[in-house]
Amino acid sequence: MTETDDWAPDACTLPTSERPLRVAEFDDLFRLVLRSKRVHLTRLDLCLPADVESAARDLAQRESECCSFFTFDFDLTRDELVMRIEVPTSQADVLDALQVRTTR
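Each residue of the sequence shown is one higher than the one before, starting from 248 at the first, in the working numbering.
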């Protein structure tokens with residue numbers, strides 16, 4: 248696996264040819280992360296600027312369609328959006344890889 252697709256699990260149904268674009272979309276979002284916190288082995292919370300809510304929700308919805316093991320939840324305040332990403336224990340390594348990408 249290459250650095251750009253190392254977090255895509257076998258369970259992902261997104262066509263291989265579309266994965267680099269999806270990774271780039273996540274990387275663009277992750278560049279905006281204000282803070283992140285690994286709440287649990289299976290949950291990562293990302294604090295983002297409030298004005299990216301629409302883009303974050305759209306990306307999360309599309310990701311859930313091809314990787315159904317992801318659960319995304321959002322809380323919006325006036326200034327921040329908290330994006331919660333949860334996975335089953337069996338997919339914790341995918342969450343590990345996502346967390347690494349948020350710190351680049």
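Ideal placement from N, C-alpha and C gives every residue a C-beta, glycine not left out.
field: Unbroken alpha helix (DSSP H) run spanning SER301, endpoints
entry: Its alpha helix (DSSP H) spans residues 300-313.
- prompt: Three or more beta-carbon pairs under 8 Å between the stretch 269-284 and the stretch 297-311, yes or no?
  reply: yes
task: Determine the extent of the alpha helix (DSSP H) in which ARG269 is found, giving its start and end residues.
output: 266-277
message: So the candidates are SER337, ASP298 and CYS314; which of them puts its Cα closest to the Cα of VAL280?
response: Of the listed residues, the one whose Cα sits closest to VAL280 is ASP298.
task: Provide the residue span of the beta strand (DSSP E) that contains ARG348, from first to last.
output: Counting along the chain, no beta strand (DSSP E) covers ARG348; the unbroken alpha helix (DSSP H) around it starts and ends at 339-349.
- request: Taking only the alpha-carbon atoms, compute the straight-line gap between PRO335 and ARG325 and give it to the nearest angstrom.
  value: 31 Å
- prompt: Is DSSP giving VAL334 helix, strand or coil here?
  reply: Three-state result, VAL334: coil.
query: What span of residues does the beta strand (DSSP E) with VAL280 cover, start to end?
result: Element bounds for VAL280: n/a, residue is neither H nor E.
Whole-angstrom distance between GLU333 and CYS314, CA atom to CA atom: 12 Å
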